[in-house]
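Enquirer:
In the working numbering, the protein residues as written are 84 to 338.
#1: Round the Cβ separation of residue 315 and residue 302 to the nearest angstrom and send it over; I've been treating them as touching at under 8 Å.
#2: Which same chain residues, not among the five before or five after residue 270, have their C-beta less than 7 Å away from its C-beta?
#3: Suppose the cutoff is 6 Å on Cβ atoms and the five residues either side in sequence are ignored; what does the same chain contact list for residue 180 look like?
#4: Is it true that the segment 86 to 95 meets the segment 105 to 124, where meeting means three or more beta-carbon pairs spaced less than 8 Å apart?
#5: With H, G and I counted as helix, E and B as strand and the rest as coil, what does DSSP make of residue 264?
#6: In terms of residue numbering, what span does the beta strand (DSSP E) encompassing residue 87 cover?
#7: With 16 as the cutoff for other CB atoms within 10 Å, does residue 280 come out buried or exposed?
#8: For residue 239, I'd like the list of residues in its chain whose CB is within less than 8 Å of its CB, leaving aside the five on either flank, ordered along the chain.
#9: On a Cα-Cα basis, can you pick out the residue from 336, 111, 174 that is closest to residue 144?
#10: Going by CA-CA distance only, name the one from 171, 185, 292, 204 that's closest to residue 337.
#11: Verify whether the separation of the beta carbon atoms of residue 324 and residue 141 is less than 9 Å.
#12: Which value, in whole angstroms, describes the spacing of the CA atoms of residue 165 and residue 159?
#13: Using the three-state DSSP reduction, which class does residue 163 fall into: helix, strand or coil?
#14: Enumerate in chain order the residues of its own chain whose CB-to-CB distance from residue 162 is below 8 Å, with the five nearest sequence positions on each side excluded.
#15: Can you find the residues in the same chain that come closer than 8 Å, C-beta to C-beta, to residue 307, ignoring five residues on each side of it along the sequence?
#16: Leaving out the 5 sequence neighbours to the left and right, which residues in its chain are closer than 6 Å to residue 283 when beta-carbon positions are compared?
#17: What is the rounded straight-line gap between the Cα of residue 319 and the Cα of residue 193?
#18: Counting beta carbon pairs with one atom in the segment 185 to 199 and one in the segment 234 to 251, are three or more of them shorter than 8 Å?
#19: Once you ignore the five residues that flank residue 132 on each side, which residues in its own chain have a CB closer than 8 Å to its CB?
#20: Leaving aside the five residues before and after residue 109 along the sequence, list all residues of the same chain whose C-beta is less than 8 Å from its C-beta, in chain order.
#21: Thinking residue 330 and residue 182 are a contact (beta carbons under 8 Å), I'd like their distance in whole angstroms, please.
#22: Do residue 249 and residue 207 have their C-beta atoms within less than 9 Å of each other?
#23: For residue 309, which residues in the same chain have their Cβ closer than 7 Å to its Cβ, ignoring the five residues on either side in sequence?
#24: Residue 295 to residue 266, Cα distance in whole Å?
#25: Residue 134 by DSSP, collapsed to three states: which one?
#26: List in chain order: all unbroken alpha helix (DSSP H) runs of 4+ residues lying wholly within the segment 233 to 307.
#27: Is it buried or exposed, residue 243, if we count other Cβ atoms within 10 angstroms and call 16 or more buried?
Below you can see the structure in the form of structure tokens.
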């Protein structure tokens, strides 16, 4: 079993992961790290900081905040534990801290651990060379602090790269006059625009809309519950200690 420490264990995502991972035979949740008291402990001890951790750890899962993630990276590097990160909105400096940790331990950073979301990104890259235009609409709960989502940015990059490999020319922006600034969303480059929605009641959703002469293609993925991320996190945990290095995404683990 992989002895796993959950950083941000009192948060909504941490609690969902605690529930899902503790039910797996391959994972042993050995502790939850959070300055706040978790509602559920899943038979594991609660530590208010990484400095308080007093159990053996094989890997750390961190879905907290960017400033906390870098502390987890340093801790993992000094304790020989792999690190799985689902936090988005990292600065270049914070990402560099994770990359440095990858020089001594395995580090996997992914914008989305839902296998369906990863597959939808793959499908979008397949479709990208065949359509003139594409736009992304990402919808999340109102507690998400960054926009656009990391998943939409990764998807936009995959679309741009697929178009470039195919030699596809970017279609010009058709809108010439804007009554409201930014009404057409954010320009992610390569003709891809991203629209962000934040509403209570949502979890994580994304639509990738392709348009061509006389037809359209919509690829949609919905995470209705945070349990949708457990399988991908478990997959990352199974491989994070295979070798040192910094790895972006879990697409390479799906095959």
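Yeah, the Cβ is synthetic: ideal placement off N, Cα and C, and Gly gets one too.
The structure displayed is predicted, hence computed values, not measured ones.
Expert: A quick look at the data gives this:
#1: Here residue 315 corresponds to residue number 232 of the chain shown, with the count starting at 1. Here residue 302 corresponds to residue number 219 of the chain shown, with the count starting at 1. About 18 Å separates the beta carbons of residue 315 and residue 302, which is beyond the 8 Å limit, so they are not a contact pair.
#2: Indexing the chain shown from 1 puts residue 270 at position 187. Residues of the same chain with a CB within less than 7 Å of the CB of residue 270, apart from the 5 flanking positions on each side, are 276 in chain order.
#3: Translated into the one-based positions of the chain shown, residue 180 becomes position 97. So the qualifying residues of the chain are 153, 156.
#4: The segment 86 to 95 vs the segment 105 to 124: in contact.
#5: Locating residue 264 in the chain shown gives position 181, counting from the first residue. Correct three-state label for residue 264: coil.
#6: Locating residue 87 in the chain shown gives position 4, counting from the first residue. That run of the beta strand (DSSP E) goes 85 to 90.
#7: Within the chain shown, numbered from 1, the residue matching residue 280 stands at position 197. In this structure residue 280 is exposed. Its beta-carbon is surrounded by fewer than 16 other beta-carbon atoms within 10 angstroms.
#8: Along the chain shown, one-based indexing puts residue 239 at 156. Here the set comprises 219, 271, 272, 273, 275, 277.
#9: Along the chain shown, read from residue 1 onward, the residue named residue 144 stands at position 61. Nearest option by C-alpha distance: 111.
#10: Numbered from its first residue, the chain shown carries residue 337 at position 254. It is 204.
#11: Along the chain shown, read from residue 1 onward, the residue named residue 324 stands at position 241. Along the chain shown, read from residue 1 onward, the residue named residue 141 stands at position 58. At a Cβ-Cβ threshold of 9 Å, residue 324 and residue 141 count as neighbours.
#12: Position 82 of the chain shown, counted from the start, is the residue given in the question as residue 165. Position 76 of the chain shown, counted from the start, is the residue given in the question as residue 159. Approximately 6 Å, taken between the alpha carbons.
#13: By one-based count along the chain shown, residue 163 stands at place 80. Secondary structure of residue 163 (DSSP, three-state): coil.
#14: By one-based count along the chain shown, residue 162 stands at place 79. Only 140 meet the Cβ criterion.
#15: Residue mapping note: residue 307 aligns to position 224 of the chain shown, counting from 1. Around residue 307, the same chain offers 286 as residues with beta carbons nearer than 8 Å, after the five sequence neighbours per side are excluded.
#16: Translated into positions along the chain shown, residue 283 becomes position 200. Same-chain partners within the cutoff: 225.
#17: Taking the chain shown and counting its residues from 1, one reaches residue 319 at position 236. Taking the chain shown and counting its residues from 1, one reaches residue 193 at position 110. Answer to the nearest angstrom: the Cα atoms are 9 Å apart.
#18: Contact between the segment 234 to 251 and the segment 185 to 199 is present: three or more C-beta pairs spanning the two stretches fall below 8 Å.
#19: The sequence position of residue 132 within the chain shown is 49, counting from 1. Within the same chain, 116, 118 come within 8 Å of residue 132 by CB-CB distance, once the 5 residues on both sides are set aside.
#20: Along the chain shown, one-based indexing puts residue 109 at 26. Excluding residues within five positions, the ones whose Cβ falls inside 8 Å are 84, 85, 317, 320, 321.
#21: By 1-based counting over the chain shown, the position of residue 330 is 247. By 1-based counting over the chain shown, the position of residue 182 is 99. Incorrect: roughly 10 Å between the Cβ atoms, too far for contact.
#22: The residue labelled residue 249 in the question sits at position 166 within the chain shown. The residue labelled residue 207 in the question sits at position 124 within the chain shown. For residue 249 and residue 207, no; Cβs fall outside 9 Å.
#23: The count along the chain shown starts at 1 and reaches residue 309 at position 226. So the list reads 95, 96, 99, 286, once near-sequence residues are dropped.
#24: Here residue 295 refers to the residue found at position 212 of the chain shown. Here residue 266 refers to the residue found at position 183 of the chain shown. Rounded to the nearest angstrom, the gap between the Cα atoms of residue 295 and residue 266 is 22 Å.
#25: Reading the chain shown from its first residue, position 51 is the one you call residue 134. Helix.
#26: The qualifying runs are 233 to 249.
#27: Locating residue 243 in the chain shown gives position 160, where the first residue counts as 1. Counting every other CB atom within 10 Å of its CB across the protein chains shown gives residue 243 a total of 16 or more, marking it as buried.
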